[in-house]
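Step one of this worksheet: look at the structure below.
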Amino acid sequence: NAGVTQTPKFQVLKTGQSMTLQCAQDMNHNSMYWYRQDPGMGLRLIYYSASEGTTDKGEVPNGYNVSRLNKREFSLRLESAAPSQTSVYFCASSEPGTGAGELFFGEGSRLTVL
Amino acid sequence: EDQVTQSPEALRLQEGESSSLNCSYTVSGLRGLFWYRQDPGKGPEFLFTLYSAGEEKEKERLKATLTKKESFLHITAPKPEDSATYLCAVQSGGADGLTFGKGTHLIIQP
Numbered sequence: 007n008a009g010v011t012q013t014p015k016f017q018v019l020k021t022g023q024s025m026t027l028q029c030a031q032d033m034n035h036n037s038m039y040w041y042r043q044d045p046g047m048g049l050r051l052i053y054y055s056a057s058e059g060t061t062d063k064g065e066v067p068n069g070y071n072v073s074r075l076n077k078r079e080f081s082l083r084l085e086s087a088a089p090s091q092t093s094v095y096f097c098a099s100s101e102p103g104t105g106a107g108e109l110f111f112g113e114g115s116r117l118t119v120l
Numbered sequence: 105e106d107q108v109t110q111s112p113e114a115l116r117l118q119e120g121e122s123s124s125l126n127c128s129y130t131v132s133g134l135r136g137l138f139w140y141r142q143d144p145g146k147g148p149e150f151l152f153t154l155y156s157a158g159e160e161k162e163k164e165r166l167k168a169t170l171t172k173k174e175s176f177l178h179i180t181a182p183k184p185e186d187s188a189t190y191l192c193a194v195q196s197g198g199a200d201g202l203t204f205g206k207g208t209h210l211i212i213q214p
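Read top to bottom, the protein sequences are chains Y and P.
Offset between the first sequence (1-based) and our numbering: plus 6.
Offset between the second sequence (1-based) and our numbering: plus 104.
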């Protein structure tokens, strides 16, 4: 059982380049999330999707776009990467309601923007 | 705005030396408080959910407790494999997603 799978695991970009981080879950969860983790800042919510076809902004959405492609997949796009977007990105999924706080995380995508 | 503060930032213990990690929170209508464990280079792994003051949950050498303003993660007779960063998070009444603290980096020396 794979759980939450993120690709790529590592990526180096130049300022202004674009890229998409992919996330897929096989637990049939309705809710999916993108977080970023920076030293000294903790995990911060970028975007989330409560169900297929819906997306909402989190705490730090600027510079990012998301697509909930289907129930399994939730992608995060950087249209014009900036050095401030150097971070570790985590995708997570959960069930809504009482299970909403039990997040299942992927192993992370480590992005460096030069 | 929900806020979560964890202390200490780092803690080094000898194997078998019990201690507690603190998580103080400010939320408008607590729906749940959550503890996660994160190993280096990995995603966080869910440990516990606490919903109301007075509630306790246990798992092996870990016990989580909750009051109206803070939560404690008690570690009894820890082993080196308990070394990790422990994250606390809250979910408030109107929010989707969780608000995380910065974590406590725990090192257990043999």
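Note that beta-carbon positions come from the ideal geometry of N, C-alpha and C, so glycine has one too.
Please determine, among the options, the residue with the shortest C-alpha to C-alpha distance to residue i.
i: residue 152 (chain P); options: P:205, P:201 and P:139; result: P:139
i: residue 191 (chain P); options: P:142, P:213, P:112 and P:185; result: P:142
i: residue 182 (chain P); options: P:171, P:148 and P:213; result: P:213
i: residue 75 (chain Y); options: Y:46, Y:31, Y:108 and Y:41; result: Y:31
i: residue 60 (chain Y); options: P:164, P:200, P:136 and P:170; result: P:200
i: residue 57 (chain Y); options: Y:44, Y:69, Y:34 and Y:91; result: Y:34
i: residue 161 (chain P); options: P:207, P:115, P:211 and P:178; result: P:178
i: residue 90 (chain Y); options: Y:9, Y:120 and Y:15; result: Y:120
i: residue 197 (chain P); options: P:127, P:207 and P:137; result: P:137
i: residue 207 (chain P); options: P:106, P:113 and P:107; result: P:113
i: residue 14 (chain Y); options: Y:101, Y:97 and Y:106; result: Y:97
i: residue 124 (chain P); options: P:186, P:146, P:202 and P:172; result: P:186
i: residue 127 (chain P); options: P:107, P:149 and P:146; result: P:107
i: residue 101 (chain Y); options: Y:39, Y:8 and Y:22; result: Y:39
Which value, in whole angstroms, describes the spacing of the CA atoms of residue i and residue j?
i: residue 64 (chain Y); j: residue 156 (chain P); result: 25 angstroms
i: residue 209 (chain P); j: residue 53 (chain Y); result: 27 angstroms
i: residue 20 (chain Y); j: residue 131 (chain P); result: 39 angstroms
i: residue 93 (chain Y); j: residue 71 (chain Y); result: 16 angstroms
i: residue 164 (chain P); j: residue 41 (chain Y); result: 29 angstroms
i: residue 166 (chain P); j: residue 68 (chain Y); result: 38 angstroms
i: residue 109 (chain P); j: residue 45 (chain Y); result: 15 angstroms
i: residue 115 (chain P); j: residue 17 (chain Y); result: 32 angstroms
i: residue 174 (chain P); j: residue 203 (chain P); result: 14 angstroms
i: residue 216 (chain P); j: residue 43 (chain Y); result: Any question about residue 216 (chain P) goes unanswered here, given that chain P covers just 105 to 214.
From the beta carbon of residue i, is the nearest beta carbon of chain Y less than 8 angstroms away?
i: residue 143 (chain P); result: no
i: residue 195 (chain P); result: yes
i: residue 189 (chain P); result: no
i: residue 208 (chain P); result: no
Any Cβ of chain P within less than 8 angstroms of the Cβ of residue i?
i: residue 106 (chain Y); result: yes
i: residue 113 (chain Y); result: yes
i: residue 54 (chain Y); result: yes
i: residue 25 (chain Y); result: no
i: residue 95 (chain Y); result: no
i: residue 39 (chain Y); result: yes
i: residue 47 (chain Y); result: yes
Measure the beta-carbon distance from residue i to residue j and round it to whole angstroms, keeping in mind my assumption that it falls under 8 angstroms.
i: residue 194 (chain P); j: residue 134 (chain P); result: 6 angstroms
i: residue 86 (chain Y); j: residue 37 (chain Y); result: Rounded, the Cβ-Cβ distance is 28 angstroms, inconsistent with contact.
i: residue 79 (chain Y); j: residue 29 (chain Y); result: 7 angstroms
i: residue 26 (chain Y); j: residue 83 (chain Y); result: 5 angstroms
Three or more C-beta pairs below 8 angstroms linking the segment 105-114 of chain Y and the segment 105-125 of chain P
no
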